[in-house]
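Student: In this note's numbering, the protein residues as written are 15 to 512.
Backbone N, C-alpha and C fix where the C-beta goes; we use that ideal spot for every residue, glycine too.
I have a structure I would like to understand better, so I am pasting it below and will then ask my questions one at a time.
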Amino acid sequence: MSLMAKQNKLQQANDYIKNNINKVDNTYRQKYHIMPQIGWMNDPNGFIYYKGEYHLFYQYHPYSAVWGPMHWAHTKSSDLINWSNLDVAIAPDENYDMSGCFSGSAIEKDGKMYIMYTGHQDPGGFENLRQVQCIAISEDGVNFEKYKNNPVIDTNQLPSDTIIQDFRDPKVFEKNGKYYSVIGSRYKDDCGQILLYSSSDLLNWKYEGVIARSNGQFAKMWECPDLFELNGKDVLIMSPQFLEPRGNEYWNRHSTSYMVGKLNYETCEFDIEKTCEIDYGFDFYAPQTLIDDKGRRIMIAWMQMWDRNFPTNDLNHNWAGCMTLPRELKLIDNNLYQMPVKELKNLRKDEVSYQNVNIKETKSLEGIKGQNLELELEVDMKDSKEFKMLLMKGNNQETVLKYNKDESLFIFDRSKNGKDLGGKEETLRTYRQVNVDLIDNKLKLNIFIDTISVEIFINDGIKTMSSTVYPDKESDNIEFITDKNASMNIKKWTINTK
Ligand code: FRU
């Protein structure tokens, strides 16, 4: 492609955004979550703390609210809560990434920001499809230049018996003075696997081995890996496609999973002690993490799910998709805890607080309502077996949270959320459930509601549920219901950064 044509692709995307942004319908816009200015977003990419600021890139198609040739959109923040949009960072303008700049990650080297991403080539016909790994470099964290010798990892560096069409989403990191990259892949007979590569300069890469592979029963393809150390253990997170449900886990068409154990970087043997779903809501995919200057491991994910209908697209609102809130990760007894980053507390406004409310007598509480807010509550269930909360209630709409003490089950039900959110799933699931034990008979919840999302952090974040919902603007009541007396402490804050 000529230099002109290249500049044109980036320029074209940035011009399109500027010239069409007024065509976005604001009805369902979020008030404090990252979302595209216009067009479609999916996976978080290149999440990095760089020169005192947090940068987040994401899979982006400006021209419509459906997936299309992928660009990397770019946003940054000094505090993880106020984000400002920058120009689109890269566009599919080379032969090696002609059908899309797919997911990848970022790292700092000698003061420069390197991004490593997948060049997607789809000239027609499955046999011609290729995915290769590429580098782009930025001196200032804003303008990127693709490396002249791309791709840096080609399909000839794949191990034998590996499908060359599915090789994507490099997550790059540094360990013991060496660079590593974990990449999603598919072994023959439809077994997802994660490959490890190493490099001394980010440009020349050596294949090290397979660190994890499905035994045939854990999904065909593993996308978007991330590998990091937490509390002395190695944690591998990834997004298995088409994973069959088991127990209460993996009820979405595509899932996310974490594996905890010890990885031997010499032999690539990963001694896995535990495998578990990351989030038990309907909309959580392709999470990615960074480590910041305070040593915090922070994760963010796409708060949507593939193959479902997107109301903002169906209604021609000209945008689709948003991210979860950034969450700090902790590993305690091999459980991956997630809590919203503490900076979010700075967004709290207009506190309303109640102590020792008897819920049996109370259905709603003055001042506890709304669609853009945070709730912190603790319910003492010593005498009761069931606690229910109705969020975004009104006009035959409600989103239900329920705890059943006999079964130790926390349930999220969006059957009356406002829209049918189905798509290609064989069974339209309207609720999800997760096992949660009470702590001294108490259920602790930290809940973030934004216009079209509910994120629930249960018992200090040992389990989370993240989902989209589409209530009318007027559906903003909150109600509490129990079978017997239950005492509750609750705080509510309004959040609205827009
Ligand atoms: C995951 C994913 C990645 C790919 C990207 C394309 O959601 O399928 O594997 O790189 O989306 O947009």
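#1: Residue range of the alpha helix (DSSP H) that D328 falls in?
#2: What residues in its chain sit with their C-beta under 6 angstroms from that of M313, if we drop five residues either side in the sequence?
#3: Considering only C-alpha positions, which residue in the set A233, Y161 and L404 is nearest to C205?
#4: So Y72 is in the beta strand (DSSP E); what residue range does that whole segment cover?
#5: Note the first and the last residue of the continuous beta strand (DSSP E) segment covering T132.
#6: For A516, tell me which candidate among L209, G223 and D297 has the shortest Cα-Cα distance.
#7: For ligand 1, any of its heavy atoms closer than 7 angstroms to the Cβ of G198?
#8: Hey, G432 and D486: beta-carbon distance below 8 angstroms or not?
#9: May I ask which residues mark the beginning and end of the beta strand (DSSP E) holding P106?
#10: Which of the three DSSP states is assigned to D240 in this structure?
#11: Should L345 and V448 be called a contact, given that it needs their Cβ atoms to be closer than 8 angstroms?
#12: For H85 and A500, I'd like the C-alpha separation in whole angstroms.
#13: Under 7 angstroms from any heavy atom of ligand 1, does the C-beta of R144 make it?
#14: When you compare the CB positions of F71 and A87, do they come within less than 8 angstroms of one another, or not?
#15: Roughly how many angstroms lie between the CA atoms of D175 and R200, to the nearest whole one?
#16: Quick one: residues in its chain with C-beta nearer than 8 angstroms to the C-beta of E560, no 5 flanking neighbours on either side, listed in chain order?
#17: Rounded to the nearest angstrom, what separates V468 and I305 at their Cα positions?
#18: With a cut-off of 8 angstroms on the beta carbons, I'd call M502 and E392 a contact; round off their distance for me.
#19: Are there 16 or more other CB atoms within 10 angstroms of the CB of V196, so buried, or fewer, so exposed?
#20: How is D474 classed by DSSP in three states: helix, strand or coil?
#21: Is Y77 near ligand 1 - that is, is its Cβ less than 7 angstroms away from at least one heavy atom of it?
#22: Looking at C-alpha atoms only, which residue of L442, F426 and A226 is the closest neighbour of K288?
#23: Is S117 buried or exposed, if buried means 16 or more other CB atoms sit within 10 Å of its CB?
#24: Is it the case that the segment 450-458 contacts the segment 373-381, given that we only count it when at least three CB pairs across the two stretches are under 8 angstroms?
#25: When you compare only the Cα positions, how much space is there between P106 and M55?
#26: Using a threshold of 7 angstroms, is the CB atom of F116 nearer than that to any non-hydrogen atom of ligand 1?
#27: Where in the segment 280-338 do unbroken runs of the alpha helix (DSSP H), each at least 4 residues long, occur, reported from the N-terminal end onward?
#28: Less than 7 angstroms separating the Cβ of Y299 from some heavy atom of ligand 1?
#29: Tell me where the beta strand (DSSP E) around M403 begins and ends.
#30: Between which two residues does the beta strand (DSSP E) containing Y161 stretch?
#31: Can you tell me whether S480 is buried or exposed, with buried defined as 16 or more other CB within 10 angstroms of its CB?
#32: I want to know whether the segment 356-374 touches the segment 73-84 - three or more CB-CB distances under 8 angstroms.
#33: Using CA atoms only, rank isn't needed, just tell me which of D307, I373, P165 and V102 is closest to N218.
#34: G475: buried (16+ other C-beta within 10 angstroms of its C-beta) or exposed?
#35: Using 8 angstroms for Cβ pairs, my map puts Y272 next to L241. What's the rounded Cβ distance?
#36: State the beta-bridge partners of Q352 as determined by DSSP.
Tutor: Taking the coordinates as given:
#1: D328 -> alpha helix (DSSP H) spans P325 to D328.
#2: P301, T303, R341 and L343
#3: A233
#4: E67 to H75
#5: K126 to Q135
#6: The requested residue 516 does not occur in the structure, where the chain is confined to residues 15 to 512.
#7: yes
#8: yes
#9: Here P106 belongs to no beta strand (DSSP E), and DSSP marks it neither H nor E.
#10: strand
#11: no
#12: 51 angstroms
#13: no
#14: yes
#15: 9 angstroms
#16: A question about residue 560 goes unanswered here, because the residues of the chain that appear run from 15 up to 512.
#17: 25 angstroms
#18: 7 angstroms
#19: buried
#20: It is helical.
#21: no
#22: A226
#23: buried
#24: no
#25: 15 angstroms
#26: yes
#27: 325-328
#28: yes
#29: Segment E400 to G408, the beta strand (DSSP E) holding M403.
#30: From DSSP, Y161 is part of no beta strand (DSSP E); its letter is neither H nor E.
#31: buried
#32: no
#33: The residue with the shortest Cα to Cα distance from N218 is P165.
#34: Buried, since its Cβ has 16 or more Cβ neighbours within 10 Å.
#35: The pair is not a contact, with the Cβ atoms about 10 angstroms apart (cut-off 8 angstroms).
#36: Within the DSSP bridge table, the entry for Q352 names L343 as partners.
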